[in-house]
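Some notes on the structure that comes next.
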Amino acid sequence: MKFSKLYAPTTKDAPKDATLPSHQYLVRAGFIAQAGSGLYNFLPMGKIVFDKIKAVVKEEMDETGAQEIQMGVVTPADLWKQSGRYDVFGKELCRFLDRKENEFVLGPTHEEVVVDIVRNRINSYKQLPVHLYQITTKFRDEARPRFGLLRGREFTMKDGYSFHEDEISMKQEFAVMEETYTKIFTRLGLDFRAVDADSGAIGGSGSKEFMVLAQNGEDDIVVCEKCSYAANIEAAKRAKKTTTIEAPQADLAKFKTPNMKTIEDVCNFLHVDAFYSIKAVVKKAIYSDKEEIIVFFVRGCDALQEVKARNACGALDLVDAELEEMQKVGLHAGFIGPIGLECVKFYIDLELKEEKNLVCGANEEDYHWVGVSMFNFKEERYADLTEVKAGDSCVCCGETLYVTKGIEVGHIFQLGQKYAKAMGATFLDKNGKSQPFYMGCYGIGVSRLVAVMIEASHDDKGCIWNKQTSPYLLDIIVSNMKDEVQNNYATQIYETLRNEKYAVLMDDRNERFGFKIKDYELIGLPYALIVGKELEEGFVEIVERQTLEKLVVKKEDALSKLRELLA
RNA sequence: CGGGGCGUAGCGCAGCCUGGUAGCGCACCUGGUUUGGGACCAGGGGGUCGAAGGUUCGAAUCCUUUCGCCCCGACCA
């Protein structure tokens, strides 16, 4: 491609609304252009990158025996009513009427449609398992689109759905997908982790997220320094926390602790380490039919993980409880403890089970208990509630955990029979009995990956593409187009490589060197060949974008060196 | 959905407070010079001031409504 013909409107200044590097550089380098909030158009180079990523995904999916299909973006609302999600999906589901006033939705995901596709067509276990996938446009009317392609309203997702006769088969496919996703993200050259995830409202027995490690990620993930353990902080576990600080020896006794409402105050006052104290976190749990004040107890040195807390009590949502609401149900804020607590429902973190020599509130103004032992609580009171912190110990190997930011690029679920049951999609098993399908579903954010490539790989000058996804592998920069020797030499290299099917760009614009090299660095192709002044002495330069190092080579050697680099 | 900000030329902004018919930088077009780190000189084109209504002799500017976009948070199969 000649740069003079390429539609790549590069700019020196970023649009003011772009805050993330991936967003700024993709716009500045002319890969994408915004159409509206959360809506983006792909320009020629953006489209090439997008197609390259898509091709990798397709190749690896096809390799597993999954079959590509294409479902409509527009879906009859009726299917969503059958699954029950028409009402629960909320405003993210974009609904509209056609001219006959029939209801439709823009598909945000396609469980309903795919179930409808196999329903009454796959009738026997002999036809199972089947895995159907597509790479298509999705629309979710996000409350707050942001970060360019990372959280758009319209986006492209690879979504696959597998159907099985039993749980064993479903789990087998889940394992195959975990392996396949690992291959895909490895091929794309990304630094990622498959992490344990909270299954969320979709349910099912297991789910894993694929997180690309990047500073601007929206998710916190916990990663072990030594072994392969990694988890979303919402689902992360740790080895039970211990301390070398000696336990305060005391018999059970009530101490007056006037106006000591924080863990810090109480522990300083009683000369006890926060490890040996119990922290009460009061939340208002919101259910579909009611609201309720609930207390969660964790170690004084730990913090409550809200998603874990939500899962423990089964609430739709947890919000901070107001002081007034706490008083109303009889709680003494600052002096709450599990001993003798009867006025509200409460949960205790598993790590406190059977611990001794603890300090906690006495449920009485200005009093705390010391010498508390955690026995005699019902089993169902206990749940995993603690938020894992950097420095905690790995649940698998005991080594130190650290916390980092990740961007979710894939998520795989074991759905079980949820959708098949709701939509009446059944087959006959070996015993001739009618059964709902077991399903798995597997997603990859394909358009998001375009941005992730840059979020994970850029510097202060622009994009840094790798060979796997770069729109072109090489930019041949002709320093002075009016210099015929330079022009001829560059054209010859360009034509030769092009005939050998390398994706090469030649910057033949009548611009100065500085202008072209800045554009090169902004666009970020893996290599550049600079044909300039030194050609007279018989030399040209090869630039590697990653390091910005320049390699001077003899003009006769450039071609073979380039073949070596681009291969 | 709660809170905040911004809409003036393709992009980035000034002008608004104190009303008088729109300006700067970049980009773009023409000619010339220049060609190794986003050049220079000269000339030139381009804007219903987001939209609607109101106040006024007169509105980018004041008032009301509305739409759009962005940021923080909640949310995110």
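So for the first sequence, the numbering used here puts the first residue at 12; every next one is plus one.
Even glycine gets a Cβ: it sits at the ideal position worked out from N, Cα and C.
The shortest C-alpha to C-alpha distance from S180 to any of G427, V551, A431 is the one to G427.
Separation of the CB atoms of V233 and A242 is rounded to 5 Å, and the pair is thereby assigned contact status at 8 Å. Exclusion of the five residues before and after D127 leaves L90 as the residues of its chain whose Cβ lies within less than 6 Å of its Cβ. With a cut-off of 8 Å on Cβ pairs, the stretch 266 to 282 is in contact with the stretch 368 to 382, counting three or more such pairs. With respect to the 8 Å criterion, Q425 and F185 are classified as neighbours on the basis of their beta carbons. F346 places its beta carbon less than 8 Å from that of H379.
By the Cβ criterion, the stretch 544 to 563 is in contact with the stretch 489 to 503, since at least three pairs of Cβ atoms, one from each stretch, lie closer than 8 Å. Excluding residues up to 5 positions away in sequence, I488 lie with their Cβ nearer than 7 Å to the Cβ of I528 in the same chain. Burial state of F386 is exposed, judged by a 10 Å Cβ sphere holding fewer than 16 other Cβ atoms. In the three-state reduction of the DSSP assignment, H175 falls in the strand class.
The stretch 220 to 266 is shown to contain whole beta strand (DSSP E) runs of 3 or more residues at 230 to 235, 241 to 243, in chain order. In this structure, F61 lies near S458, with their beta-carbon atoms less than 8 Å apart. Bridge pairing for H469: C474 [DSSP]. In the three-state scheme derived from DSSP, where H, G and I count as helix and E and B as strand, H34 is classed as helix. Inclusion of E552 and I534 in the CB contact set at 8 Å is not warranted, their separation being larger than that value. The alpha-carbon of Y136 is positioned some 19 Å away from that of C452. Rounded to whole angstroms, the gap between the alpha carbons of R151 and N491 is 49 Å. Taking the Cα positions, F115 is about 51 Å away from L576.
As summarised for the stretch 489 to 522, the continuous alpha helix (DSSP H) elements at least 4 residues long and confined to that stretch are 495 to 510, given in chain order.
Under the DSSP assignment, D62 falls in the alpha helix (DSSP H) whose first and last residues are 55 to 74. Per the DSSP secondary-structure output, K565 pairs in a beta bridge with F550.
Taking all protein chains shown into account, Y144 has 16 or more neighbouring C-beta atoms within 10 Å of its C-beta and is therefore buried. Of V309, L160, M72, L329, the smallest CA-CA separation from L361 is found for V309. K429: member of the alpha helix (DSSP H) spanning 429 to 433, first to last residue.
Contact check for L329 against A285 fails: the beta carbons are separated by 8 Å or more. In this chain, the alpha helix (DSSP H) harbouring A323 covers 317 to 324.
In the three-state reduction of the DSSP assignment, M181 falls in the helix class. Note that the C-beta distance between A208 and A246 is below 8 Å.
For T415, the closest C-alpha among the options D230, L161, V340 is that of D230.
Cβ atoms of T397 and D313 come within 8 Å of each other, at about 5 Å. It is roughly 19 Å from the alpha-carbon of G76 to the alpha-carbon of D177.
Here T253 has no same chain residue with a Cβ atom under 8 Å from its own Cβ, once five neighbours each way along the sequence are excluded.
One thing to note: T480 has its Cβ within 8 Å of the Cβ of I64. DSSP places S571 in the helix class (H, G or I) of the three-state scheme. In the structure shown, M450 falls within a strand segment according to DSSP collapsed to helix, strand and coil.
If you check the CB distance, S94 and A433 come in under 8 Å.
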